[in-house]
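Undergrad: Take this structure, written in structure tokens, and hold onto it; I'll ask about it next.
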Amino acid sequence: MSTLSHVNLGNLMSTTSSAAAWANVHPFNNLTFEIDDHKRHQDVKKYEVYESPEDVLVLAATWKRMRDEGRYGIVSKLMDAKLFEQISPADRALATEIRDYYSKKIMMWNLKGNNITNYRKDLSKLIHSEGLILREDQMGIAYHLPAFYQYDQEFEEVRLSTNGNNLKGSMINTTLELQPIRRMFRKTKNHLGHEYWFRNKKDNTPYMLGLNVKNPLQHVWDTMFDNTEVLPIYGSFITKKKDDFEYFMIADKWELKMA
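Residue numbering for the sequence shown follows the numbering used here, starting at 218 and increasing by one per position.
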């Protein structure tokens, strides 16, 4: 039995008129008041607000479709005129799905008393609006939401096909026969990488192995993952939790046992 380690694989892995009258009598009416950005207090926020004739989620869905089709470079921002020209009925339908999905998800977060982060608060504001008026700092959420939605749908398939409840502790230095389920790409503010999900055929428990996007041998691992029924992996398996879903994460120092 030979081993193929994570090292050998190269770690496979943001006026009114009254005001005018006041200006006529005020002793400082000839002064111009401007805010110097360099002198502004660090806690003062400055935003540019966009008003769009089209739902920004529709625009985001359109842009993701264009990227998936390999049509890069046609547009560079959500408010680009050319993007409005590319909208299809499918993009509108996807935007409706996204808004409905996250509206229900936010409701469940609130019912379960989950931590409502600033990101989730901004997400809620976007989802429960018509998407026609948007602050500049909310553009990132809108832009990435179709990709987040795709990831969440794929993750839901993993969750429903495995038993991720009440996992007991971690397992150190052992070999498990794991069945590949799905590989997914995940991009967040602090994370960019690929996730490879498995199940243990004995008890249907879920396992996840993360891989850096810059790994030069990712295509080798992808081929093995897609074309092998069971992969024997030796290493440490640590319990993790995503919302109310538990799973084992495969630690960095692992080895793939090869016959």
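Glycine included, each C-beta is placed from N, C-alpha and C at the ideal position. Keep in mind it's a predicted model, so treat the numbers as computed, not measured.
Which complete alpha helix (DSSP H) runs does the stretch 349 to 404 hold, if anything under 4 residues is left out?
TA: 356 to 378
Undergrad: Would you list, in sequence order, the uninterrupted beta strand (DSSP E) runs of no fewer than 3 residues that lie entirely inside the stretch 274 to 361?
TA: 350 to 352
Undergrad: Would residue 379 and residue 445 qualify as a contact pair, given that the criterion is a beta-carbon distance under 8 angstroms?
TA: Translated into positions along the sequence shown, residue 379 becomes position 162. Translated into positions along the sequence shown, residue 445 becomes position 228. It is not a contact, given that the beta carbons lie outside the stated cut-off.
Undergrad: Can you tell which of 408, 273, 395 has its C-alpha closest to the C-alpha of residue 347?
TA: In the sequence shown, the residue the question calls residue 347 occupies position 130. Of the candidates 408, 273, 395, the one whose C-alpha sits nearest the C-alpha of residue 347 is 273.
Undergrad: Near residue 359, what residues of its chain come up, given a Cβ to Cβ distance below 8 angstroms and the 5 sequence neighbours on each side ignored?
TA: For this step, residue 359 is matched to residue 142 along the sequence shown. These residues qualify, in order along the chain: 273, 274, 276, 277, 295, 343, 348, 351.
Undergrad: To the nearest angstrom, report how far apart residue 417 and residue 397 are at their CA atoms.
TA: Here residue 417 is taken as the residue at index 200 of the sequence shown, counted from 1. Here residue 397 is taken as the residue at index 180 of the sequence shown, counted from 1. Their backbone Cα atoms lie some 9 angstroms apart in a straight line.
Undergrad: Of the choices 395, 353, 337, whose alpha-carbon is the least far from that of residue 264?
TA: Here residue 264 refers to the residue found at position 47 when the sequence shown is read from its first residue. Closest option to residue 264, Cα to Cα, is 353.
Undergrad: Can you round the beta-carbon distance between residue 474 and residue 449 to whole angstroms, since I take them to be within the 8 angstroms contact cut?
TA: For the purposes of this step, residue 474 is taken as the residue at position 257 of the sequence shown. For the purposes of this step, residue 449 is taken as the residue at position 232 of the sequence shown. Rounded, the Cβ-Cβ distance is 4 angstroms, consistent with contact.
Undergrad: Considering just the uninterrupted stretch of the beta strand (DSSP E) at residue 266, what are its terminal residues?
TA: Numbered from its first residue, the sequence shown carries residue 266 at position 49. Taken as a continuous stretch (DSSP letters only), the beta strand (DSSP E) holding residue 266 covers 266 to 268.
Undergrad: Check the C-beta distance from residue 400 over to residue 411 and give it rounded, since I have them as a contact under 8 angstroms.
TA: Counting from 1 along the sequence shown, the entry for residue 400 is found at position 183. Counting from 1 along the sequence shown, the entry for residue 411 is found at position 194. The Cβ separation is near 6 angstroms, so the contact holds.
Undergrad: In terms of residue numbering, what span does the beta strand (DSSP E) encompassing residue 440 cover?
TA: Here residue 440 corresponds to residue number 223 of the sequence shown, with the count starting at 1. Element bounds for residue 440: not the beta strand (DSSP E) but the alpha helix (DSSP H), 435 to 444.
Undergrad: Report the residue from 441, 438, 425, 439 whose alpha carbon sits nearest the alpha carbon of residue 456.
TA: As a working note, residue 456 is residue 239 in the sequence shown. Of 441, 438, 425, 439, the residue nearest in Cα terms is 425.
Undergrad: What are the boundary residues of the beta strand (DSSP E) that residue 417 is part of?
TA: Counted from its first residue, the sequence shown places residue 417 at position 200. Per DSSP, residue 417 belongs to the beta strand (DSSP E) from 409 to 417.
Undergrad: Since residue 456 is in the beta strand (DSSP E), which residue starts that stretch and which ends it?
TA: Counting from one through the sequence shown, the residue named residue 456 turns up at place 239. Residue range 448 to 459 is occupied by the beta strand (DSSP E) that includes residue 456.
Undergrad: Starting from residue 271, trace the beta strand (DSSP E) in both directions and tell me its first and last residue.
TA: One-based indexing of the sequence shown puts residue 271 at position 54. Where residue 271 is concerned, there is no enclosing beta strand (DSSP E), given that its DSSP letter is neither H nor E.
Undergrad: What are the start and end residues of the beta strand (DSSP E) that includes residue 470?
TA: By one-based count along the sequence shown, residue 470 stands at place 253. No beta strand (DSSP E) contains residue 470, which DSSP labels as neither H nor E.
Undergrad: Between the alpha carbons of residue 362 and residue 427, how many angstroms are there, rounded?
TA: Indexing the sequence shown from 1 puts residue 362 at position 145. Indexing the sequence shown from 1 puts residue 427 at position 210. Cα-Cα distance, rounded: 22 angstroms.
Undergrad: Take the Cβ of residue 370 as the centre, count every other Cβ of all protein chains shown within 10 Å, and call the residue buried at 16 or more, exposed below.
TA: Sequence index remark: in the sequence shown, residue 370 carries index 153 (1-based). Exposed, since its Cβ has fewer than 16 Cβ neighbours within 10 Å.
Undergrad: What would DSSP say about residue 429, mapped onto helix, strand or coil?
TA: In the sequence shown, counting from the first residue as 1, residue 429 sits at position 212. Strand.
Undergrad: Rounded to whole angstroms, what's the CA-CA distance from residue 303 to residue 279? Just pull it up for me.
TA: Position 86 of the sequence shown, counted from the first residue, corresponds to residue 303. Position 62 of the sequence shown, counted from the first residue, corresponds to residue 279. Those two C-alpha atoms are separated by around 7 angstroms.
Undergrad: Among the residues of its own chain, which have a CB less than 6 angstroms from the CB of residue 323, if the five just before and after it don't count?
TA: For the purposes of this step, residue 323 is identified with residue 106 of the sequence shown, where counting begins at 1. Here the set comprises 341.
Undergrad: Since residue 384 and residue 465 should fall inside the 8 angstroms C-beta cutoff, what is the C-beta to C-beta distance between them, to a whole number of angstroms?
TA: One-based indexing of the sequence shown puts residue 384 at position 167. One-based indexing of the sequence shown puts residue 465 at position 248. Sure, about 7 angstroms apart at Cβ, within 8 angstroms.
Undergrad: If I'm right that residue 377 touches residue 454 with Cβ under 8 angstroms, what's the distance once you round it to whole angstroms?
TA: Working through the sequence shown from its first residue, we reach residue 377 at position 160. Working through the sequence shown from its first residue, we reach residue 454 at position 237. Contact flag wrong, Cβ pair sits at about 21 angstroms.
Undergrad: Is it the case that the Cβ atoms of residue 331 and residue 469 are separated by a distance below 8 angstroms?
TA: For the purposes of this step, residue 331 is taken as the residue at position 114 of the sequence shown. For the purposes of this step, residue 469 is taken as the residue at position 252 of the sequence shown. Not closer than 8 angstroms, so no.
Undergrad: Comparing C-alpha positions only, which one of 437, 319, 372 sits nearest to residue 337?
TA: Residue mapping note: residue 337 aligns to position 120 of the sequence shown, counting from 1. Ranking the options by Cα distance to residue 337, first place goes to 319.
Undergrad: Does the CB of residue 330 have a neighbour CB from chain D at under 8 angstroms?
TA: Checking the listed chains, one finds no chain D in this structure; it contains a single protein chain.
Undergrad: Quick one: Cα of residue 270 to Cα of residue 281, how far?
TA: The residue labelled residue 270 in the question sits at position 53 within the sequence shown. The residue labelled residue 281 in the question sits at position 64 within the sequence shown. Between residue 270 and residue 281, the alpha-carbon positions lie close to 19 angstroms from each other.
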